[in-house]
Amino acid sequence: MNKGEWSEFYTFLRLPADGKLYSADSNLNKIENLYYPIIKVTRQSKGHKEPLFYKLEDKIYKFFYFTDESSL
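FYI, in my numbering the residues of the sequence shown are 109 to 180.
Written as structure tokens, this is what we have:
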């Protein structure tokens with residue numbers, strides 16, 4: 109893996125673990141009281157026809173391969 113692939117993998121795991129994606133000002137300083145809650149992360153890769161869903165439920169991380177997102 110190159111540096112870009114590692115950063116993508118890190119972000120894929122870090123966002124659900126933190127549970128929030130914070131906003132930033134024009135100087136890239138984090139705004140503590142302005143964030144988006146992370147409910148689910150979806151990732152599509154070339155090797156799979158169906159996306160991977162990474163979802164947090166009751167502090168348990170679940171991985172799903174589904175074509176119909178409403179079935180989660």
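For glycine and all other residues, C-beta sits at the position ideal for the given N, C-alpha and C.
Residue range of the beta strand (DSSP E) that includes Ser131:
Along the sequence shown, one-based indexing puts residue 131 at 23. Here the beta strand (DSSP E) through Ser131 covers Lys128 to Ala132.
Straight-line Cα distance separating Glu140 from Gln152
The count along the sequence shown starts at 1 and reaches residue 152 at position 44. The count along the sequence shown starts at 1 and reaches residue 140 at position 32. Computed Cα separation, rounded: 30 Å.
Nearest CA to the CA of Phe120: which residue from Tyr143, Tyr144 and Val149?
To locate residue 120, count along the sequence shown from 1; it is residue 12. Checking every option, the nearest Cα to that of Phe120 belongs to Val149.
Near Phe155, which residues of its chain fall below 6 Å by C-beta distance, leaving aside the five closest residues on each side in sequence?
Translated into positions along the sequence shown, residue 155 becomes position 47. According to the sequence as given, residue 155 is Gly; it is not Phe. There are no such residues.
Quick check on this structure: which residue in Tyr118, Leu136 and Lys111 has the alpha carbon closest to the alpha carbon of Asp126?
Along the sequence shown, one-based indexing puts residue 126 at 18. Closest in C-alpha terms to Asp126, from the list Tyr118, Leu136 and Lys111, comes Tyr118.
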